[in-house]
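K.L.:
Count along the sequence shown starting at 1, add 10, and that's the number in the working numbering. From the three backbone atoms N, C-alpha and C, an ideal C-beta is built for every residue, glycine too. Just so it is clear, the structure is predicted and the values come from calculations on it, not from any experiment.
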Amino acid sequence: MKKIMFFVISAVLCFGLVSCGGSEDGQKKETEYGGETSVDTTVETVVGTGEETVTETEKTPENNVIEHKIEVEDLRARIVDYMRSMSAVEWTPNETFSLNGDHNTWGVDLNFKKGQTYYGLPYTRAFSGLDDFTVHIENGVYKGPCGDYNTMPGNNCSSSCDLAWRRYLVSDTEATYTYVPGFGNKTISPVGDYTYPSGNRDTYKIIEQNDQQKLFESYALVQPADAIVKWSDARSAGHARMVAENAVVVRNAAGKINAGRSYIVVIEQTNKLTTVDGKQSTWLVDKKYTFTELMNDGYVPVTPKALAEETELKITYTDPNTADNIVTSLAGTLELSTSVKTVNMTVSDENGNVVKEYAIEVEPGTTKINLRKYTFNLDIGKLPEGKYNYKLEAVTPASGTIELLVLDFEK
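Put into structure tokens, the structure is as follows:
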């Protein structure tokens with residue numbers, strides 16, 4: 011079994027770290043997104059899969075920083091594996107239902123029959139990952155919400171790719187057109203050196219202004235977990251596919267790419283039910299498209315910026331709280347280069363009873379959280395005199411709960 015290796019390098023002043031813990035339901039929630047906040051009343055914090063890990067801790071007191079590094083073996087392969095998992099889940103509806111959606115120039119008309127076996131999350135507008143769907147399956151039978159294209163657990167072409175990326179990366183590409191280079195999405199990068207107009211989201215315009223061989227050379231560079239995307243402003247429609255393998259490239263004697271024989275293998279979520287090898291699914295898995303087909307259909311290759319730059323996945327906590335200042339104010343900044351769902355803060359009394367708790371729901375694309383502004387949400391200053399324990403945790407989609415700080419203090 012492949013393993014995710016956690017190397018936790020903790021550099022602290024006046025405090026230490028202890029083991030990981032869980033979270034409680036019914037917490038208050040605040041949404042963190044680019045510094046903007048909106049308050050909700052409750053949240054249920056869902057801990058990730060808790061994949062097998064090895065943790066090493068080193069303390070270097072000369073630096074006031076806690077750094078949790080997450081090293082993932084075969085990161086690209088793991089992202090593709092999650093895409094495959096979403097496409098492969100087997101389920102049978104406990105009632106017949108339809109999913110219908112009208113998008114002006116195209117639509118969705120999917121019919122699912124009671125007792126029929128299907129594979130993969132259904133094509134819907136909901137932004138649902140594997141766990142969000144399988145929680146409703148009992149003994150192979152799907153018993154959750156159904157029939158509403160907007161809310162039934164499932165995903166679409168672009169959100170499925172984004173969900174796979176968000177297992178590990180900071181990504182914010184839920185809408186198809188946000189994948190397009192030039193649109194301005196800071197979490198996406200082009201693959202190759204094709205040119206693209208600034209502010210543009212129409213990939214057909216990109217195709218028009220680039221030499222064919224330049225586009226083919228860009229297709230040739232794709233790797234697993236990259237994507238190919240198209241978007242038409244005229245139709246207000248597009249499609250995204252995740253690359254499953256390195257591109258297969260065939261060149262002629264002069265070294266130029268034979269676009270009709272070169273191809274890319276993808277996994278994609280579609281708006282149609284297709285039967286392949288006797289299995290009905292809206293997903294196409296390991297589907298081949300030649301470079302010629304991709305160019306004619308308006309596709310350009312892209313990748314998450316974190317993959318392009320081989321960004322180190324980590325959570326860095328700068329200027330953390332100490333026992334001397336925790337009562338007065340929350341302190342420090344979290345810098346994120348890996349995906350985080352929630353940041354949980356918990357205060358317990360000396361008997362282990364939780365007396366204060368607060369959860370920050372981290373929105374896609376968030377790279378920095380200032381903890382000081384949540385001081386009055388947790389409101390430690392209003393506690394009666396006594397001995398307490400403060401715990402700060404980050405809940406990640408793929409790796410479960412990461413303990414950032416545990417602190418004993420008195421008031």
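If we count Cβ pairs, one from each stretch, closer than 8 Å, do we get three or more for the region 153 to 166 versus the region 92 to 110?
P.N.:
Yes, they touch.
K.L.:
Would you call the region 228 to 242 in contact with the region 299 to 309, where contact means no fewer than 3 C-beta pairs closer than 8 Å?
P.N.:
Yes: at least three Cβ pairs fall under 8 Å.
K.L.:
Per the DSSP calculation, T300 is bridged to which residue(s)?
P.N.:
BP columns for T300 point to Y273.
K.L.:
Quick one: what's R261 bridged to in DSSP?
P.N.:
Paired residue(s): I267.
K.L.:
Could you check what DSSP says for K421 in three-state terms: helix, strand or coil?
P.N.:
Note: K421 maps to coil in three-state DSSP.
K.L.:
Could you work out which residue in I390, L344, T338 and L417 is closest to I370 when comparing CA atoms only?
P.N.:
Closest by alpha carbon: L344.
K.L.:
Quick one, are the C-beta atoms of N161 and S181 less than 8 Å apart?
P.N.:
Strictly speaking, residue 161 in this sequence is Thr, with Asn absent from that position. Taking 8 Å as the Cβ cut-off, T161 and S181 do not qualify as a contacting pair.
K.L.:
Hey, out of K351, V364 and V416, whose CA is closest to A408's CA?
P.N.:
A408 has its Cα closest to that of K351, out of K351, V364 and V416.
K.L.:
At a cut-off of 7 Å, is E303 close to the ligand GTP when judged by its beta-carbon and the heavy atoms of the ligand?
P.N.:
The model depicted lacks the ligand GTP and carries no ligand whatsoever.
K.L.:
How far does the alpha helix (DSSP H) with T115 in it extend, from its first residue to its last?
P.N.:
Per DSSP, T115 belongs to no alpha helix (DSSP H) and is neither H nor E.
K.L.:
Just list the alpha helix (DSSP H) runs in the region 128 to 172, keeping only unbroken ones of 4 residues or longer that don't cross its boundaries, in chain order.
P.N.:
Entirely contained in the region 128 to 172, the alpha helix (DSSP H) runs reaching 4 residues are, in chain order, 140 to 144.
K.L.:
Per DSSP, what kind of secondary structure is T106 in: helix, strand or coil?
P.N.:
Of the three classes helix, strand and coil, the one that applies to T106 here is coil, per DSSP.
K.L.:
Whole-angstrom Cβ separation of V357 and L388, contact assumed at under 8 Å?
P.N.:
So it is a contact: roughly 7 Å between Cβ atoms.
K.L.:
At 4 residues or longer, what runs of the alpha helix (DSSP H) sit wholly inside the region 379 to 410?
P.N.:
As far as the region 379 to 410 is concerned, its whole alpha helix (DSSP H) runs of at least 4 residues are 385 to 388.
K.L.:
Look at the alpha carbon of N165 and the alpha carbon of R177, and state the distance between them as a whole number of angstroms.
P.N.:
Their Cα atoms are separated by approximately 15 Å.
K.L.:
What does the alpha-carbon distance come out to for the pair G209 and D203?
P.N.:
Rounded to the nearest angstrom, the two C-alpha atoms are 17 Å apart.
K.L.:
What are the start and end residues of each continuous beta strand (DSSP E) run of 3 or more residues lying completely inside the region 221 to 254, in chain order?
P.N.:
Here the runs fully enclosed are 237 to 242 and 247 to 253.
K.L.:
Locate the beta strand (DSSP E) running through T352, then write down its first and last residues.
P.N.:
T352 -> beta strand (DSSP E) spans T352 to D359.
K.L.:
For D172, count neighbouring Cβ atoms within 10 angstroms of its own Cβ and tell me buried if that reaches 16, exposed if not.
P.N.:
That one is buried.
K.L.:
What are the partner residues of Y121, as DSSP defines its beta bridges?
P.N.:
Going by the sequence as given, residue 121 is Asn instead of Tyr. Note: N121 sits in a beta bridge opposite S108.
K.L.:
Does the pairing of the region 334 to 349 with the region 376 to 384 give three or more beta-carbon distances under 8 Å?
P.N.:
Enough Cβ pairs lie closer than 8 Å, so yes.
K.L.:
Among G111, Y327 and P330, which one has its Cα closest to the Cα of K282?
P.N.:
For the residues G111, Y327 and P330, the minimum Cα distance to K282 belongs to G111.
K.L.:
Once you ignore the five residues that flank K401 on each side, which residues in its own chain have a CB closer than 6 Å to its CB?
P.N.:
Result list for K401: T356 and V416, in chain order.
K.L.:
Among the candidates L85, I76 and N74, whose CA atom is the shortest distance from the CA of T321?
P.N.:
Ranking the options by Cα distance to T321, first place goes to L85.
K.L.:
If you run the structure through DSSP and keep just helix, strand and coil, what is A369?
P.N.:
Strand.
K.L.:
If I follow the unbroken beta strand (DSSP E) through L346, where does it start and stop?
P.N.:
Segment T343 to L346, the beta strand (DSSP E) holding L346.
K.L.:
Around the C-beta of P132, are 16 or more other C-beta atoms found within 10 angstroms, so that it is buried, or is it exposed?
P.N.:
Classification for P132: buried.
K.L.:
Grab me the residues of G125's own chain with a C-beta within less than 7 Å of its C-beta, minus the 5 sequence neighbours each way, in chain order.
P.N.:
Taken in chain order, the residues that qualify are T102.
K.L.:
In angstroms with no decimal places, state the Cα-to-Cα distance between D142 and E373.
P.N.:
In a straight line, the C-alpha of D142 is about 17 Å away from that of E373.
K.L.:
Given a threshold of 16 other Cβ atoms within 10 Å of its Cβ, counted over all protein chains shown, does F419 qualify as buried or as exposed?
P.N.:
With 16 or more other Cβ atoms within 10 Å, it is buried.
K.L.:
Among T144, Y187, V312 and Y152, which residue has its Cα nearest to the Cα of A244?
P.N.:
Nearest option by C-alpha distance: Y187.
K.L.:
Which residues does DSSP pair with P207 in a beta bridge?
P.N.:
According to DSSP, which records beta bridges pairwise, P207 is partnered with nothing at all.
K.L.:
Could you spell out where the beta strand (DSSP E) holding K79 opens and where it closes?
P.N.:
From DSSP, the beta strand (DSSP E) with K79 extends over V75 to V82.
K.L.:
Which of the three DSSP states, helix, strand or coil, is assigned to N281?
P.N.:
If DSSP states are grouped into helix, strand and coil, N281 belongs with the strands.
K.L.:
What residues in its chain sit with their C-beta under 6 Å from that of M93, if we drop five residues either side in the sequence?
P.N.:
A174, M252 and I277.
K.L.:
CB-CB under 8 Å to T348, same chain, minus the five flanking residues each way: which ones, in chain order?
P.N.:
Cβ within range, chain order: I80, Y178, L179, V180, L323, K324, I325 and T406.
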